[in-house]
Amino acid sequence: MAFEPAGLNGPDIGPSRRPQPTSRAKYAEFIETHNVAWDLTFGVLALVYVGMDIVFENATPATLQLVETVQLVITGIFAIEFFSRLWAAVDRSRHLREHLIDAVALLPPVRSLRLLRLVRLVGVVARLHRGGMSFAPLAKHKTFVTLVVAWLTVGLVCSLALYAAERGNNAAIQNPFDALWWAVGSITTVGSDLFPVTAEGRTAAMVLMVLGVFLFSAITATITSFLLAQPADVSSTINGIAAGLLHAARLHDDGRLSDAEFILAEERILRAPGDGSNAIKGPRLDGA
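Numbering (the numbering used here) for the sequence shown: 327 to 614.
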């Protein structure tokens, strides 16, 4: 049932006016709602794809054939994900520009670029931040979870890079687990008795040290803010939602929002704390 603030005159946005969302709108809403899990899943697939090339480089022909089959399946999953998101996007040209790396990474000569999809996990922090966020239990704190995922991802990526660079050049690093042991010691600031000897390995170590300390500090700051945060002002939140719903209804009545876009805007507003009108900013959802 749509929210209708009492005592405010405005367009009727009750159940009788509520259009049914299209398949595209439902799919786009599903992706947005599960944004962190979505990016994490495909980030892990990217890591698996690139990691298989490194770990199984000198495997037997039969194993290499199996690796190629698995990589072909992963490539198909990436292609389906990319084109389905392009189909569901409100502004397809903008979506294509923002995900150009994903499109290029589908090409066979540059499939290693799939590793760059992991960078999106860090960018999720900015997309998840909303003014006046009301904090749930820390385990459900989206920013906290995102930072932890990014922190662990940096460790995995750098351990793979170290293994690829040091294998055959460093007697202390004989297998992927040795590299992972080094990464865990470095990213937790405990330290490790393993040291890279190649220029590439030292570069991976520097990246891990800088990003690891930065993300660890951000995680600490997030925990601190969680412990000190005050509950959001309920009346301010309700007023913001009411203003956002009225604004979306006016845009819909003026023909500047389609039925599907109106449904998407309404769902965003009802989930957004603070000023609900900010939830309808974006391609065509701001009435521009």
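Each residue gets a CB set at the ideal place from its N, CA and C atoms; glycine is no exception.
DSSP places residue 396 within a helical segment (H, G or I) once states are collapsed to three. For residue 586, same chain residues with a beta-carbon under 7 Å away, outside a window of 5 residues either side, are 347, 348, 350, 351 in chain order.
Rounded to whole angstroms, the separation of the alpha carbons of residue 519 and residue 359 is 43 Å. For residue 579 and residue 429, the gap between their C-alpha atoms comes out near 37 Å. According to the DSSP assignment, residue 356 belongs to the alpha helix (DSSP H) that extends over 349-359.
Here the region 495-504 makes no contact with the region 529-543; the two share fewer than three CB pairs at distances below 8 Å. The residues 485, 488, 489, 499, in chain order, have a CB closer than 6 Å to that of residue 505 in the same chain once the five nearest residues on each side in sequence are set aside. If only uninterrupted beta strand (DSSP E) runs of at least 3 residues are considered, none is enclosed by the region 475-532.
Around the CB of residue 363, fewer than 16 other CB atoms lie within 10 Å, so the residue is classed as exposed. Within the model, the alpha-carbon separation for residue 573 versus residue 481 is close to 45 Å. Scanning 390, 392, 384, 547 for the CA closest to the CA of residue 473 turns up 547.
Where residue 424 is concerned, the enclosing alpha helix (DSSP H) starts and stops at 418-424. Sixteen is the threshold: when 16 or more other Cβ atoms of the shown chains lie within 10 Å of the Cβ of residue 513, as they do, the residue is buried. Contact between residue 577 and residue 592 fails: their C-beta atoms lie close to 11 Å from each other, not under 8 Å. Remark: C-beta atoms of residue 354 and residue 414 approach each other more closely than 8 Å. Between residue 379 and the set 478, 367, 393, 368, the nearest pair of CA atoms involves 393. Nearest in C-alpha terms to residue 469, of all of 544, 569, 507, 418, is 544.
Counting the other Cβ atoms within 10 Å of the Cβ of residue 492 gives 16 or more, which makes it buried.
Annotated three-state conformation of residue 429 is helix, per DSSP.
Spanning the alpha carbons of residue 356 and residue 531 requires a straight line of approximately 38 Å.
Your pair residue 400 and residue 426 does not check out as a contact, with CB atoms roughly 20 Å apart and the cut at 8 Å. Listed in chain order, the non-local C-beta contacts of residue 526 below 6 Å within the same chain comprise 491, local neighbours out to five positions each way being set aside. Annotated three-state conformation of residue 580 is coil, per DSSP.
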